[in-house]
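Residue numbers (our numbering), protein chains in the order written: chain A, 3 to 174; chain B, 3 to 174. Built from N, CA and C at the ideal position, the CB exists for glycine as well. Bear in mind the structure is a predicted one, so any value in this text is a computation, not a measurement. Structure, as structure tokens:
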DNA sequence: GGGAAACATTTTAGGCTTAAAACAATTCGG
DNA sequence: CCGAATTGTTTTAAGCCTAAAATGTTTCCC
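Structure (structure tokens):
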């Protein structure tokens, strides 16, 4: 179907003579589909977390980061890992400390740094939520074969690398 | 590498005797990678829209929906398409009407319904932004071959269908 | 040592987002 | 025709999120 336009494109890129505005409709569609998938799944997970555990997705995500770091993390670490702004983490942590899920203390070696950890309560609650969360994810992806999953992992790794490279090009 | 656990799993599912908590770590990793890709690209697009055009991503997204609907859309339509809540759209539209990009009027046949359209200004600005936006997306996905793109499209379509089915199972 | 640069965090101002309740208009079934 | 459901939108309350500026601390290096 796109044979004709492919030929034209090839001619352009071979001759390097004509500066045709290139067609990137496919990439655009891919991006929209990627976004749709993520939004769909995210919304589903958000709703289930709220209904089952009365917890928000950002809180859950933050606790997930801390569960992987028994010795705690600094706010900057969390901010980088979650790919959200610093200010965002400040508020999120504030509320989780308030509710007794997090412990926050100033580093003894560097008084700029705040180290946060899950409290006993926080860890217990997170583990309970995480195990159920894992089954939700499995169910959401249930129609994918193991091969599909592997292939998606591979292509998304490639996508991530490509996007990071592009981002670095702009912000060296 | 996972040969042993695979065997155990197979035994379980064959004998149907032991109720082992199944391992869904692969799907979980897939979900996290999907989320990372989307967050990465979304952040990049958000930043470029702000820097180049001083516009927010949600505003751009809303205008993109309307650009595809010359006869306008109702707020509900927009809300479904953008997969955001109704109340969200109300505020977004308010600000875009205020800035002269949107026109909003009550339907003549059903006075519950608000129909919104791009104004001339709104359409012109959107087109200008959209053409640049398309080159950003192309650049972000630049390392993917056409075959990669096709394959990703296929797998994400399958993912979307799977997730929708799962969501429908919960909310019949 | 002392200032400049770098770093970690918080604050600020504004916008986005959601779920749920409230309100308004239409449609449906008897 | 009329009350009950349904549908479309707005409001409300709370939380999330960002970019940029401000604050406090450390490091670098002359």
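Spatial neighbours of residue 120 of chain A in its own chain (CB-CB distance under 8 Å, excluding positions within 5 residues in sequence) are listed in chain order as 65, 68, 69, 103, 104, 105, 128.
Distance from the CA of residue 32 of chain A to the CA of residue 96 of chain A, rounded to the nearest whole angstrom, comes to 38 Å.
Taking C-beta atoms as the reference points, residue 43 of chain A and residue 132 of chain B fail to come closer than 8 Å. DSSP places residue 111 of chain B in no alpha helix (DSSP H); its state is neither H nor E. At least one beta carbon of chain A lies nearer than 8 Å to the beta carbon of residue 162 of chain B.
Around the beta-carbon of residue 29 of chain B, 16 or more other beta-carbon atoms lie within 10 Å, marking it buried.
With fewer than 16 other Cβ atoms inside 10 Å of its own Cβ, residue 53 of chain B counts as exposed.
Residue-level contact check: residue 107 of chain A does not touch chain B, since none of the beta carbons of chain B fall below 8 Å from its beta carbon.
When DSSP reads this structure, residue 105 of chain B sits in a beta bridge with B:119. Taking residue 159 of chain B as the centre and dropping the five residues before and after it, the same chain places no C-beta closer than 6 Å to its C-beta. The DSSP-derived three-state label of residue 147 of chain B is coil. Contact of residue 165 of chain B with chain A by beta-carbon distance below 8 Å involves 39, 42, 43, 46, 142, 143. In terms of beta-carbon proximity, residue 134 of chain B stays away from the interface with chain A, with every pair separated by 8 Å or more. According to the DSSP assignment, residue 24 of chain A belongs to no alpha helix (DSSP H), since it is labelled neither H nor E.
Scanning chain B for C-beta atoms nearer than 8 Å to the C-beta of residue 85 of chain A yields 38, 41, 42, 45, reported in chain order. Closest in alpha carbon position to residue 109 of chain A, among A:125, A:82, A:87, A:78, is A:78.
Residues of chain B whose Cβ lies closer than 7 Å to the Cβ of residue 130 of chain A do not exist, since the nearest Cβ in that chain is about 13 Å away. Distances from the CA of residue 172 of chain B to each of A:152, A:71, A:46, A:118 were compared; the closest alpha carbon is that of A:46. Between residue 80 of chain B and residue 91 of chain B, the gap from beta carbon to beta carbon is short of 8 Å.
Interface flag for residue 150 of chain B against chain A is set, since a Cβ pair is found closer than 8 Å. Sixteen is the threshold: when 16 or more other Cβ atoms of the shown chains lie within 10 Å of the Cβ of residue 40 of chain B, as they do, the residue is buried. Looking at the DSSP output, residue 76 of chain B shares a beta bridge with B:117. Per DSSP, the continuous alpha helix (DSSP H) segment holding residue 69 of chain A begins and ends at 59-69. In the displayed model, residue 87 of chain A falls within coil according to three-state DSSP, outside both helix and strand.
Ranked by how close their Cα comes to the Cα of residue 74 of chain A, the residues A:136, A:151, A:107, A:135 have A:107 in first place. Excluding five sequence positions before and after residue 153 of chain B, none of the CB atoms of its chain fall closer than 8 Å to its own CB. Residue 93 of chain B sits exposed, since fewer than 16 C-beta atoms from the chains shown fall within 10 Å of its C-beta. Residue 35 of chain B belongs to the set of residues whose beta carbon lies under 8 Å from a beta carbon in chain A. Contact of residue 159 of chain B with chain A is assigned, a C-beta pair being separated by under 8 Å. Taking a Cβ-Cβ threshold of 7 Å, none of the residues of chain B is close to residue 51 of chain A; the smallest such distance is about 13 Å. Each residue's CA atom was taken as its position, placing residue 144 of chain B and residue 156 of chain B some 18 Å apart. Around the Cβ of residue 141 of chain B, a 10 Å sphere holds 16 or more other Cβ atoms; the residue is buried.
Any Cβ of chain A closer than 8 Å to the Cβ of residue 168 of chain B would place that residue at the interface, and such an atom is present.
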